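*Asks:* Quick one: this structure, given as structure tokens, is what I'll be asking you about.
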Amino acid sequence: MSQLVKKRIKTLARDGSSGVLSHGRKGVEKESLRVFSDGRLADTPHPESLGSALTSPFITTDFSEALLEFVSPAYGTTWETMRFLCEIHQFTYDRIGDELLWVTSMPCLIGNDKDIPLAHYGSSNVGAMKTIYRNGLSHRYGRKMQAIAGVHFNYSLPEAFWDEYHQFERSALEMDDFRAQEYMGMVRNFRRFGWLVLYLFGASPAVCKSFAGDQSVDMKDFDEDTYYEPHGTSLRMSDLGYSNNTQAHLRISLDSLNEYINDLTFAICTPEPKFEKIGVKVGGTYRQLSASQLQIENEYYSPIRPKRVARSGERPTAALRRGGVEYVEVRSLDVNILDPVGINQNAMRFMEAFLIYCLLEDSPPFNEEEWSALTRNHSQTARSGRDPDFRLIREGREIALSEWAQEILENVRAIAEIIDRGEGKDDYTQAINAQAALIDEPDSTPSARILEEMRQVGAGFFDVAMDAASRHRDYFNALADIEEGRLRMYADEAVWSIARQRDIEQSDQFSFDDYLKRYYSEQGCCD
Numbered sequence: 010m011s012q013l014v015k016k017r018i019k020t021l022a023r024d025g026s027s028g029v030l031s032h033g034r035k036g037v038e039k040e041s042l043r044v045f046s047d048g049r050l051a052d053t054p055h056p057e058s059l060g061s062a063l064t065s066p067f068i069t070t071d072f073s074e075a076l077l078e079f080v081s082p083a084y085g086t087t088w089e090t091m092r093f094l095c096e097i098h099q100f101t102y103d104r105i106g107d108e109l110l111w112v113t114s115m116p117c118l119i120g121n122d123k124d125i126p127l128a129h130y131g132s133s134n135v136g137a138m139k140t141i142y143r144n145g146l147s148h149r150y151g152r153k154m155q156a157i158a159g160v161h162f163n164y165s166l167p168e169a170f171w172d173e174y175h176q177f178e179r180s181a182l183e184m185d186d187f188r189a190q191e192y193m194g195m196v197r198n199f200r201r202f203g204w205l206v207l208y209l210f211g212a213s214p215a216v217c218k219s220f221a222g223d224q225s226v227d228m229k230d231f232d233e234d235t236y237y238e239p240h241g242t243s244l245r246m247s248d249l250g251y252s253n254n255t256q257a258h259l260r261i262s263l264d265s266l267n268e269y270i271n272d273l274t275f276a277i278c279t280p281e282p283k284f285e286k287i288g289v290k291v292g293g294t295y296r297q298l299s300a301s302q303l304q305i306e307n308e309y310y311s312p313i314r315p316k317r318v319a320r321s322g323e324r325p326t327a328a329l330r331r332g333g334v335e336y337v338e339v340r341s342l343d344v345n346i347l348d349p350v351g352i353n354q355n356a357m358r359f360m361e362a363f364l365i366y367c368l369l370e371d372s373p374p375f376n377e378e379e380w381s382a383l384t385r386n387h388s389q390t391a392r393s394g395r396d397p398d399f400r401l402i403r404e405g406r407e408i409a410l411s412e413w414a415q416e417i418l419e420n421v422r423a424i425a426e427i428i429d430r431g432e433g434k435d436d437y438t439q440a441i442n443a444q445a446a447l448i449d450e451p452d453s454t455p456s457a458r459i460l461e462e463m464r465q466v467g468a469g470f471f472d473v474a475m476d477a478a479s480r481h482r483d484y485f486n487a488l489a490d491i492e493e494g495r496l497r498m499y500a501d502e503a504v505w506s507i508a509r510q511r512d513i514e515q516s517d518q519f520s521f522d523d524y525l526k527r528y529y530s531e532q533g534c535c536d
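Its first residue numbered 10, the sequence shown is counted upward by one per residue in my numbering.
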């Protein structure tokens with residue numbers, strides 16, 4: 010760890026009474042598969058009572074018609090974010106009949122790709138583009154991988170921080186450029202240290218054999234229906250899940266925001282031979298949006314992304330060019346079966362303090378050796394992070410995960426204390442202490458607790474997940490009714506979103522072919 014981060018933390022601590030780190034904006038996107046009461050993937054359409062998946066700000070779908078995504082607004086406190094997540098789960102359970110929300114990242118009881126229905130967004134050009142993009146993903150990578158669920162944590166530092174930090178860093182950059190530079194440093198360091206998130210919050214150490222299908226997997230048999238890794242933390246983030254080897258050759262630079270945008274744009278405009286073999290429009294039907302390395306920006310799999318809220322019709326890279334980085338989206342959190350909404354406030358508080366640490370720590374550009382090491386650290390932690398003999402690679406040398414983690418957590422705890430000082434509580438410090446205890450107690454991590462429950466009840470992954478899904482449904486059904494005004498907000502948004510989708514469909518002025526040509530032309534791509 011550098012001395013620079015300690016110096017920066019001390020400076021912030023000196024000015025911390027002003028709440029310079031307090032009330033950063035926090036939002037959560039949480040995915041859950043809808044399943045029937047027997048655990049099979051639901052093949053029913055997205056419930057109209059939840060609103061339009063195209064235009065609803067709160068409830069949409071991800072890859073599949075069955076893969077719900079709950080999107081919270083950005084709040085200044087974790088309590089507000091948690092209240093929203095609880096209420097939107099209650100609202101959903103009131104409207105999906107006997108169906109359940111699957112409570113883990115890894116799905117079960119999925120036979121073939123064809124059993125996973127693509128998400129549909131209506132007849133508009135923008136809706137068709139979203140569905141065709143997903144069809145392209147299914148051709149490129151298969152549908153099963155796309156049915157994996159996760160929790161995304163969105164975070165932006167408070168405005169008070171940027172004014173203070175810009176001054177004591179004595180930067181000559183304009184504020185937007187300064188923020189972009191610092192957020193990109195945060196992104197690089199999250200890639201360096203993100204193995205810690207997998208160790209602490211990984212909750213997918215096992216998987217149903219039905220998910221693997223005929224694929225040969227290097228895992229142990231728990232029983233006739235379950236594969237597992239004895240020391241695994243997050244199979245979702247391993248080579249079995251979102252660690253997409255197909256994109257291994259892509260090197261999207263994180264050295265600066267402009268390089269990041271330019272590399273994404275290049276990938277969107279550069280043909281990929283293996284995707285050209287799929288075809289784009291075959292027999293009058295689109296198989297994918299393009300045959301390029303990436304169809305759109307979101308296809309690039311990364312544990313963290315720099316983001317800006319886009320205007321209507323604006324591409325993510327165009328939004329970043331316009332106004333710089335507004336927040337970061339962390340994508341490496343598993344759905345935690347131990348929490349009814351899949352995440353808890355302590356996890357959010359830890360992630361906030363950890364991300365601030367990633368920003369304050371020295372963050373030089375990657376070289377090839379370090380990139381190879383951090384890629385290995387990430388994938389091996391996902392598979393073997395709780396193994397006492399496991400070692401990470403730092404600066405070309407092996408280091409115990411616990412040793413490196415304790416160095417990081419010393420600084421994260423100091424940041425938490427500054428946040429607490431601004432809020433007049435000790436919630437953040439307690440959250441860091443709770444996670445720090447897991448460094449010396451790997452058997453208390455979520456991944457270990459899940460495997461231990463499977464052993465104790467003598468049941469495989471599917472049975473344990475089904476039991477938890479039923480308990481979580483009962484939990485939400487037993488909660489006090491949602492306050493009338495807030496319930497009306499959710500119900501009204503569902504109705505209004507359907508009207509907004511109808512307006513979009515009626516306002517289209519171009520054929521889809523022309524719409525797609527315009528899209529890629531604006532991206533800077535040529536036919």
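Built from N, CA and C at the ideal position, the CB exists for glycine as well.
Predicted model, so just to flag it, every value in this text is computed and none were measured.
Find out if the Cβ-Cβ distance for the pair Gly159, Glu40 is shorter than 9 Å.
*Replies:* yes
*Asks:* Using the beta-carbon count (16 or more within 10 Å), is Val291 buried or exposed?
*Replies:* exposed
*Asks:* Report the three-state DSSP secondary structure of Cys217 (helix, strand or coil).
*Replies:* strand
*Asks:* According to the neighbour-count rule (16 or more other Cβ atoms, all chains shown, within 10 Å of its Cβ), is Ala446 buried or exposed?
*Replies:* Exposed, by the Cβ-count rule.
*Asks:* Rank Asp398, Arg403, Leu368 and Leu209 by C-alpha distance to the C-alpha of Arg385 and give the top, closest one.
*Replies:* Arg403
*Asks:* Per DSSP, which residues does Ile402 bridge with? Please list them.
*Replies:* Per DSSP, Glu407.
*Asks:* Please identify the residue among Asn486, Gly405, Phe359 and His481 whose C-alpha is closest to the C-alpha of Asp429.
*Replies:* By alpha-carbon distance to Asp429, the top candidate from Asn486, Gly405, Phe359 and His481 is Phe359.
*Asks:* Below 8 Å on the Cβ atoms is my contact criterion, and I expect Ala75 with Leu50 to pass it. Report the Cβ-Cβ distance as a whole number of Å.
*Replies:* 5 Å
*Asks:* Within the chosen definition, does the segment 144-160 reach the segment 284-302 through at least 3 CB pairs nearer than 8 Å?
*Replies:* yes
*Asks:* Determine the direct distance from the alpha carbon of Met475 to that of Asp483, and round the result to whole angstroms.
*Replies:* 13 Å
*Asks:* Buried or exposed: His55, going by 16 or more other Cβ atoms within 10 Å of its Cβ?
*Replies:* Using a 10 angstroms sphere on the CB of His55, the tally of other CB atoms reaches 16 or more, which defines it as buried.
*Asks:* Identify which residue in Arg495, Arg480 and Phe210 has its Cα closest to the Cα of Leu109.
*Replies:* Arg480
*Asks:* By Cβ distance, which residues of its chain are closer than 6 Å to Ser46, with the 5 residues on each side in sequence left out?
*Replies:* Asp107
*Asks:* To the nearest angstrom, how far is it from the Cα of Ser301 to the Cα of Thr101?
*Replies:* 37 Å
*Asks:* Would you decide whether Asp71 is buried or exposed? Buried here means 16 or more other CB atoms lie within 10 Å of its CB.
*Replies:* buried
*Asks:* Using only CA atoms, which one of Lys139, Ser299 and Ile125 lies nearest to Gly131?
*Replies:* Lys139
*Asks:* Taking DSSP as the reference, what is the three-state secondary structure of Phe231?
*Replies:* The three-state secondary structure of Phe231, taken from DSSP, is strand.
*Asks:* Compare the C-alpha of Glu412 against each of Asp449, Asn345, Ser388 and Ala319 and name the closest.
*Replies:* Checking every option, the nearest Cα to that of Glu412 belongs to Asp449.
*Asks:* Is DSSP giving Arg104 helix, strand or coil here?
*Replies:* coil
*Asks:* State the start and end residues of the unbroken beta strand (DSSP E) segment that holds Ser165.
*Replies:* Val160 to Ser165
*Asks:* What separation, rounded to the nearest whole angstrom, lies between the Cα atoms of Lys15 and Leu166?
*Replies:* 19 Å
*Asks:* Going by DSSP, what residues sit across from Lys35 in a beta bridge?
*Replies:* Tyr84 and Tyr164
*Asks:* Counting only the same chain and skipping the five closest in sequence on each side, list residues whose C-beta sits under 7 Å from that of Leu329.
*Replies:* Leu266, Ile270, Pro315 and Arg317
*Asks:* Quick one: what's got a C-beta closer than 6 Å to Arg34's C-beta in the same chain, skipping five residues either side?
*Replies:* Ala83 and Ser165
*Asks:* In its own chain, which residues sit with a C-beta less than 7 Å from the C-beta of Val421, not counting the 5 before and 5 after it?
*Replies:* Cβ within range, chain order: Ala362, Phe363, Tyr366 and Ile441.
*Asks:* Tell me, please, which residues DSSP counts as bridged to Thr384.
*Replies:* DSSP output for Thr384 lists no bridge partner at all.
*Asks:* Which runs of the alpha helix (DSSP H) spanning at least 4 residues fall entirely within the segment 150-211, listed in chain order?
*Replies:* As summarised for the segment 150-211, the continuous alpha helix (DSSP H) elements at least 4 residues long and confined to that stretch are 152-155, 168-177, 184-202 and 204-210, given in chain order.
*Asks:* From this set, Glu461, Ala181, Val80 and Leu401, which residue's C-alpha is nearest Glu379's C-alpha?
*Replies:* Leu401
*Asks:* At a cut of 8 Å, does the segment 462-475 reach the segment 225-241 through at least three beta carbon pairs?
*Replies:* yes
*Asks:* Going along the chain, which unbroken runs of the beta strand (DSSP E) with 3 or more residues stay wholly within the segment 302-343?
*Replies:* 313-316 and 336-342
*Asks:* Output yes or no for whether 9 Å exceeds the beta carbon distance between Gly194 and Ser372.
*Replies:* yes
*Asks:* On the premise that Ala156 lies in contact with Ile97, defined as a C-beta separation below 8 Å, what is that separation, rounded to the nearest angstrom?
*Replies:* Not quite, the Cβ-Cβ distance comes to about 21 Å (not below 8 Å), so this is no contact.
*Asks:* Compare the Cα-Cα distances from Glu89 to each of Asn353, Asp512 and Asp343 and report the closest residue.
*Replies:* Asn353
*Asks:* How should Leu13 be labelled, buried or exposed, when 16 other C-beta atoms within 10 angstroms of its C-beta is the threshold for buried?
*Replies:* Exposed is the call here.
*Asks:* Measure how close the beta-carbons of Leu209 and Met115 come, nearest whole angstrom, since I'm counting them as under 8 Å.
*Replies:* That belief does not hold up - the Cβ atoms of Leu209 and Met115 are roughly 18 Å apart, past 8 Å.
*Asks:* Using only the alpha-carbon positions, how far apart do Ala276 and Tyr309 sit?
*Replies:* 9 Å
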